[in-house]
Structures are given as structure tokens and as C-alpha cells.
Amino acid sequence: MPETTQKKKVLVVEDEKNIAMTLAYNLMKAGYAYDLAFDGEDGLKKALTGTFDLILLDLMLPKMDGFEVCRRVREKLATPIIIATARVEEVDKIMGLDIGADDYVTKPFSMNELLARIKANIRRSSNEVVPAASESGEATLTVRGLVIDTVKYQVTRDGTPIELTKKEYELLTFMAKNLGTVYSREQLLSEVWGYDGFFGDTSSVDVTVSRLRAKLEADAGKPEYLFTKRGMGYYIK
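Just remember that my numbering sits 563 ahead of the position in the sequence shown, which is counted from 1.
Put into C-alpha cells, the structure is as follows:
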């Protein structure tokens with residue numbers, strides 16, 4: 564008999580049961596397996612003891628909020644995490660991405676958009692095999708005092724290590740391989756996040772760029788590496 568392909572499995576951590584069941588129904592229709600948790604403590608327990616290809620995580624949860632769940636999961640696992648919440652304040656986006664979430668969608672969201680983002684994050688996670696070297700064949704990328712080791716996943720500025728999240732590192736590496744090229748938010752969603760089209764919300768790009776700039780630059784208001792081309796996008800030079 565031919566080998567059966569195992570379904571990708573998503574953990575949904577959502578305290579509003581009607582939303583959780585709607586998500587479960589749509590995940591099942593899209594061909595995913597799923598498990599549900601209705602509070603943060605149960606979500607964390609299931610995330611750490613089960614095997615999941617992606618975690619869809621609400622922020623406003625009883626017993627333990629989504630930020631704490633995300634932080635603790637990320638200490639142990641590299642499983643992709645998408646935060647889905649009604650809280651739209653910029654500080655929430657910054658905190659969520661800074662503690663290791665891979666993406667952020669705000670309620671109400673398009674189910675097609677969410678499923679596309681789930682698919683893209685699972686695909687990128689499962690396809691990560693060997694980090695790419697630079698075009699010259701070297702294992703490091705250097706932009707003046709900034710050094711990116713694409714084998715060890717390490718970044719230093721003037722010899723000082725810079726701690727980056729996975730997405731910040733991926734964005735920096737992509738742009739450093741394409742010095743001087745201006746990329747729109749939509750292009751970066753495609754190239755770095757792996758989305759096959761534009762799904763409306765580009766705020767994840769802006770937040771990740773903001774966090775990356777704060778870590779790279781001596782003065783984020785006067786960048787030396789990561790620049791904005793007004794009305795067009797971002798670039799590194």
C-alpha cells in the first residue's frame with residue numbers, strides 16, 4: 564500500500580470557544596489535524612508535550628496570557644507561532660514578535676488569509692535545511708562592521724554579538740544578500756515570510772524592521788545600515 568502522508572497539525576490556543584471551533588472547522592476543511600486549548604496553561608502544556616507543526620495563539624487568555632505562553636514555548640521549541648488577537652496596539656505587536664512569534668494577525672481576520680499564512684509558515688519551517696552562503700561562496704556576509712555568520716546564525720557589530728529573533732535574522736540575511744535593493748513590504752512578505760501573495764496586513768514587516776533597526780543601529784533615528792525609501796520600502800547599504 565502507498566505510504567499515507569501525515570497531516571500537518573496545528574495547536575489552537577483560544578479561550579472563546581465559538582472562535583476556536585470555527586478555526587478548528589476551517590483547519591479540518593483545509594486538510595490539517597488540530598488540537599484545542601482554551602487557556603494559557605493548557606496551551607503551554609500541550610505545546611510542550613505534543614508534536615505540532617504550528618501554534619495559533621491568542622493573547623488575552625485566562626490563567627496565562629499569550630505573551631508568556633509564547634516566551635516559554637520559544638525557550639524550548641522552534642515551532643512557528645502566529646499570534647491572533649483583537650488587541651491592535653503597536654506595543655502588543657512589538658512584544659509578540661520580540662519574544663519569538665513568527666507572525667501576527669488581528670481579529671477579525673480573513674480565514675483565507677489566516678490559512679495562507681499558516682501554510683506558508685509550516686512550509687518555511689519544514690523546508691529549512693541548510694543556511695545559504697553568500698553569492699561569493701563565503702559563509703559570512705559583511706556590511707562594514709556588521710558580520711552575519713550564515714552557518715552559526717550569529718550576528719555581530721564591531722565584534723559585539725547581537726541577539727536577534729529568527730525572523731529578524733532571516734530578514735537581515737535576505738536584505739544583506741541584496742545590498743542596495745529596495746523591497747516593498749509586500750515583496751518582503753513574499754521573500755522572507757514565504758507568502759505567495761499579498762494578504763492585506765503588512766504590519767509584521769514594519770514591526771520586525773523596527774525591532775531589527777533598534778538592535779542594529781547605534782542610533783535608530785540615524786540609521787547606518789537599514790534604511791527606508793519613503794513610499795517604496797526598505798533596503799540595506
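Yeah, the Cβ is synthetic: ideal placement off N, Cα and C, and Gly gets one too.
By the Cβ criterion, the segment 787-800 is in contact with the segment 772-779, since at least three pairs of Cβ atoms, one from each stretch, lie closer than 8 Å. Taking a contact as a CB-CB distance under 8 Å, the pair V770 and L660 counts as one, their CB atoms being some 5 Å apart.
Per the Cβ contact rule, the segment 591-609 is in contact with the segment 617-632 (3 or more Cβ pairs under 8 Å). The segment 712-721 and the segment 638-650 do not touch, with fewer than three beta-carbon pairs separated by less than 8 Å. Beta-bridge partners of I711 (DSSP): L704 and V718. Unbroken alpha helix (DSSP H) runs of no fewer than 4 residues, entirely contained in the segment 564-644, are found at 580-592, 603-612 and 629-639, following chain order. When DSSP states are grouped into helix, strand and coil, I662 belongs to the coil group.
Using a Cβ distance threshold of 8 Å, D598 and K626 do not count as a contacting pair.
Judged by their CB atoms, G743 and Y798 are nearer to each other than the 8 Å cut-off. Within 10 angstroms of the beta-carbon of E577 lie 16 or more other beta-carbons, which makes it buried. For N684, the closest of A610, K740, A781 and F615 by C-alpha to C-alpha distance is F615.
Sequence-distant Cβ neighbours of L586 in its own chain, meaning closer than 6 Å and more than five residues away, are V575. Under the three-state reduction of DSSP, T736 is assigned to helix. Short of 6 Å from the beta carbon of T728, and not among the five residues preceding or following it, lie these beta carbons of its own chain, in chain order: G663.
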